[in-house]
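*Asks:* Residue numbers (the numbering used here): 11 to 451. All C-beta atoms, glycine included, are put in the ideal place defined by N, C-alpha and C. Note that the structure is a prediction, hence the values are computed from the model and not measured. Got a structure for you, questions after.
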Ligand code: IFM
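Given below as C-alpha cells:
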C-alpha cells in the first residue's frame, strides 16, 4: 500500500470494523431471535436463505480475532452489540451471558492496546419488537433508549467512542421502501415513520448517553456520491432527490434539526403527526460523525414512475464483487462537503470503507491486489480531505473478516482476513499483510 503512518497526524487511528450479527453466530450464548432470522427464511430474500446463526463463530474465536487486529498494528476496533443478544425479548430480562461476552470482548481489546469503538445498533431488531412494528412503532425510541442504558452501564466505562446507530438510511429506506433488508417492506408510510423514528431513537439514546456521563458519542451515516447519469435538468433533479433521501435527510436532521425539501415532498404526508416537535431532540450535539463510504450513485429521472421518480444505473468505472463502482474521489468530496457545509471542525471518522471480491485460498494464501489498490486510493482520498481542512481522525477498513453480507449471504467477501465457513479457518489475505506493513509491522 502506498501510505504510511507518518503521512497522517500522530493521533490518527487506523482500525477495522465488524458488526455483531455478521460475525458472532447468533446461535451461541442464548441470544434472542431478530428480524434477520425470519427474513432469511423467506425464499428470495437472502442468497441461499443463509442467516447469521453461525456466521464466523466469532463468539468462540473472539480472542484470536482480536489477536489478528493487534498483529496488524491496528489502533482501534469498531464492533457492535446485538440488541437481541442482550435483551432476547427486546425489553425486560437481560441475558447476562451476553453482557459477560461483551465485557470480555472490550477487556480483550484493551489488553491488546486496541481502542474500542462501540456501535450500539447494527441491525438486529429483536423479533419480539419487530412483531410490534419495529422501527415503525412510535415507542421504538424508548425501547432503544432502554437498551442503550443497559449496554452502556456494562461496557461504557471502557469504550473509547460510542455510536448510537449504524447507517440509518439502511435501517429505514433500504429496509422499508426498497425492501432489500429486513423487514423487507415496500411501503412509503412505514418508510417515512422509520426514517423519522430511527433519528428519534438516536436522539433518545444520546440523552441516555449524556445522563450516563458517556463521552465521545456520535452516529454512523452512510454516504453515496450522487450524480446525474446524463445531462439535463430532470436527471440533475433525480440525483438531487437521491442525495436528499440518502445523505441529507439524516445529516440535516442531526446537524440542523430539519429535513430537506426534496425528500419531504414525498415523505411528509406519511410522517407521524407532530414530527417537527422531535427535531430539537434529534439534533442534540454529537462529539463526532462516522462516515461509511463505498461508491457513487448515478441517477436517471424516471418520470413515469411514482415518487421519487428516479432509477440508479450502472456506471462505466471498474466495479467490485458487489457491482459497486470504485470511486475514491467520492470519499474525498463527501468528507470535504461535510466540513464545508455542515459540521465545520467536528471530528470525523471514516468508519467503513472496503470492497468485496471473490477471494480464494490458493496454496495457503489469498492474493487480493484489487483490494490493496482500493485501500490505498481511499486512504489517499482521506488524506486529501485532511489537507483541505476536514478534521478526519481515523480510518476503519470494512471488514476485518469475510462475513454475513446480509441479503447476499456469505457470497461476498469484504475481509482482509479470509474465513473458511466450514472449518472457520482464518487466512489473512495479502491486503492484511500490506496493511500491517503500512502501519509499521
Ligand atoms: O456489510 C455492510 C455493513 O453491515 C454496513 N455497511 C456496508 C457493509 C457492506 O455492504
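1. Within the same chain, show all residues whose beta-carbon is closer than 6 Å to that of residue 260, passing over the 5 residues directly before and after it, in chain order.
2. Closer than 7 Å by C-beta to residue 327: which residues in its own chain qualify, once you throw out the five before and the five after it? Chain order, please.
3. Do residue 388 and residue 341 come within 7 Å of each other at the CB atom, strictly closer than that value?
4. Could you tell me whether any non-hydrogen atom of the ligand IFM is closer than 6 Å to the CB of residue 26?
5. What does a CB cutoff of less than 8 Å around residue 442 pick up in its chain, not counting 5 residues either side in sequence?
6. What do you reckon, is the C-beta of residue 29 under 6 Å from a heavy atom of the ligand IFM?
7. Compare the Cα-Cα distances from residue 381 to each of 366, 375, 395 and report the closest residue.
8. The beta strand (DSSP E) spanning residue 402 covers which residue range?
9. Kindly indicate the opening and closing residues of the alpha helix (DSSP H) around residue 68.
10. Using CA atoms only, rank isn't needed, just tell me which of 344, 45, 220, 136 is closest to residue 304.
11. Using only alpha-carbon positions, find the residue among 174, 211, 236 that is nearest to residue 225.
12. Taking residue 65 and residue 413 to be in contact with their CB atoms under 8 Å, please state how far apart those CB atoms are, rounded to whole angstroms.
13. Starting from residue 365, trace the beta strand (DSSP E) both ways and give me its first and last residue.
14. For the 8 Å Cβ check, are there 3 or more pairs between the segment 144-162 and the segment 204-217?
15. Output the boundary residues of the beta strand (DSSP E) element that contains residue 232.
16. One question on the structure: do residue 129 and residue 90 come within less than 7 Å of each other, judged by their Cβ atoms?
17. Which value, in whole angstroms, describes the spacing of the CA atoms of residue 184 and residue 190?
18. Does the beta-carbon of residue 362, which I'm using as the reference point, lie nearer than 6 Å to any heavy atom of the ligand IFM?
19. On the premise that residue 84 lies in contact with residue 13, defined as a C-beta separation below 8 Å, what is that separation, rounded to the nearest angstrom?
20. Which term fits residue 361, buried or exposed, when burial requires 16 or more other beta carbons within 10 angstroms of its beta carbon?
21. Per DSSP, what kind of secondary structure is residue 183 in: helix, strand or coil?
22. Apart from the five residues on each side of it in sequence, which residues of its chain come closer than 6 Å, Cβ to Cβ, to residue 253?
23. How many Å lie between residue 105 and residue 318 at the Cα?
24. What are the start and end residues of each continuous alpha helix (DSSP H) run of 4 or more residues lying completely inside the segment 318-401, in chain order?
*Replies:* In terms of the structure at hand:
1. As a first step, residue 260 must be located in the chain shown, where it is residue number 250. If we look at residue 260 and ignore the five residues flanking it on each side, its Cβ neighbours are 178, 231.
2. As a first step, residue 327 must be located in the chain shown, where it is residue number 317. Around residue 327: 335, 336, 337.
3. The residue you call residue 341 lines up with position 331 of the chain shown. The residue you call residue 388 lines up with position 378 of the chain shown. Result yes, Cβ atoms of residue 341 and residue 388 sit closer than 7 Å.
4. Numbered from its first residue, the chain shown carries residue 26 at position 16. No, since every heavy atom of the ligand IFM falls outside the 6 Å radius drawn around the Cβ of residue 26.
5. The residue given as residue 442 occupies position 432 in the chain shown. 78, 82, 426, 427, listed in sequence order.
6. Here residue 29 refers to the residue found at position 19 of the chain shown. Residue 29 Cβ: within cutoff of the ligand IFM.
7. For the purposes of this step, residue 381 is taken as the residue at position 371 of the chain shown. The option with the nearest alpha carbon to residue 381 is 366.
8. For the purposes of this step, residue 402 is taken as residue 392 along the chain shown, with counting starting at 1. Residues 402-408.
9. Taking the chain shown and counting its residues from 1, the one referred to as residue 68 is at position 58. Note, residue 68: alpha helix (DSSP H), 68-81.
10. As a position in the chain shown, residue 304 is number 294, starting the count at 1. Closest option to residue 304, Cα to Cα, is 344.
11. In the chain shown, residue 225 corresponds to position 215, counting from 1. Nearest of 174, 211, 236 to residue 225, Cα basis: 174.
12. Here residue 65 refers to the residue found at position 55 when the chain shown is read from its first residue. Here residue 413 refers to the residue found at position 403 when the chain shown is read from its first residue. Indeed, because the Cβ distance is near 6 Å, the residues count as touching under 8 Å.
13. In the chain shown, counting from the first residue as 1, residue 365 sits at position 355. Note, residue 365: premise wrong, no beta strand (DSSP E); not H, not E.
14. yes
15. Stepping through the chain shown from its first residue, residue 232 is reached at position 222. Run containing residue 232: 227-238, per the beta strand (DSSP E) assignment.
16. Sequence index remark: in the chain shown, residue 129 carries index 119 (1-based). Sequence index remark: in the chain shown, residue 90 carries index 80 (1-based). In this structure, residue 90 lies closer than 7 Å to residue 129 by Cβ.
17. Counted from its first residue, the chain shown places residue 184 at position 174. Counted from its first residue, the chain shown places residue 190 at position 180. The alpha-carbon atoms of residue 184 and residue 190 are separated by roughly 6 Å.
18. Indexing the chain shown from 1 puts residue 362 at position 352. Result yes, Cβ under 6 Å from the ligand IFM.
19. The count along the chain shown starts at 1 and reaches residue 13 at position 3. The count along the chain shown starts at 1 and reaches residue 84 at position 74. No, residue 13 and residue 84 are not in contact; Cβ-Cβ is about 15 Å, not under 8 Å.
20. For the purposes of this step, residue 361 is taken as residue 351 along the chain shown, with counting starting at 1. By the 10 Å Cβ count, residue 361 comes out buried.
21. Taking the chain shown and counting its residues from 1, one reaches residue 183 at position 173. Three-state DSSP puts residue 183 in a helix.
22. If you number the chain shown from 1, residue 253 lands on position 243. Counting only Cβ-Cβ distances below 6 Å, and skipping sequence neighbours, we find 236.
23. Looking up residue 105 in the chain shown gives position 95. Looking up residue 318 in the chain shown gives position 308. Spanning the two alpha carbons is a distance of roughly 42 Å.
24. 339-347, 379-397
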